[in-house]
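Undergrad:
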Amino acid sequence: MWSSLWAKRADAQIRFDLSADGSGTRLGWALFVVEPLPDFSNLGHMRKRINELINANLRFTFGQ
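To convert, note that position 7 of the sequence shown is 189 in this note's numbering; the numbers rise steadily by one, no gaps.
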């Protein structure tokens, strides 16, 4: 678990799931928040931030 990435949603947690996938590893993640749930706009911003940190920045680390 990471600490929350959002000051306004300090309760938000990301859970990473890793599993074998042939000769590689499959990465999945889930975002958990307590009520009140974020509206669709805020949820979109949260998902985009997670996607950038996990997918884009991780690929850049490996020069892809």
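For each residue, glycine too, the CB sits at the ideal point set by N, CA and C.
Nearest CA to the CA of LEU209: which residue from VAL215, PHE198, PRO218 and VAL216?
TA: When each option's Cα is compared against that of LEU209, the closest is PHE198.
Undergrad: Can you look up SER205 in the DSSP assignment and give me helix, strand or coil?
TA: Coil, per DSSP.
Undergrad: LEU213 and ILE196 - do their beta-carbons sit closer together than 7 Å?
TA: yes
Undergrad: How about ARG229 and LEU187: do their beta carbons lie closer than 7 Å?
TA: no
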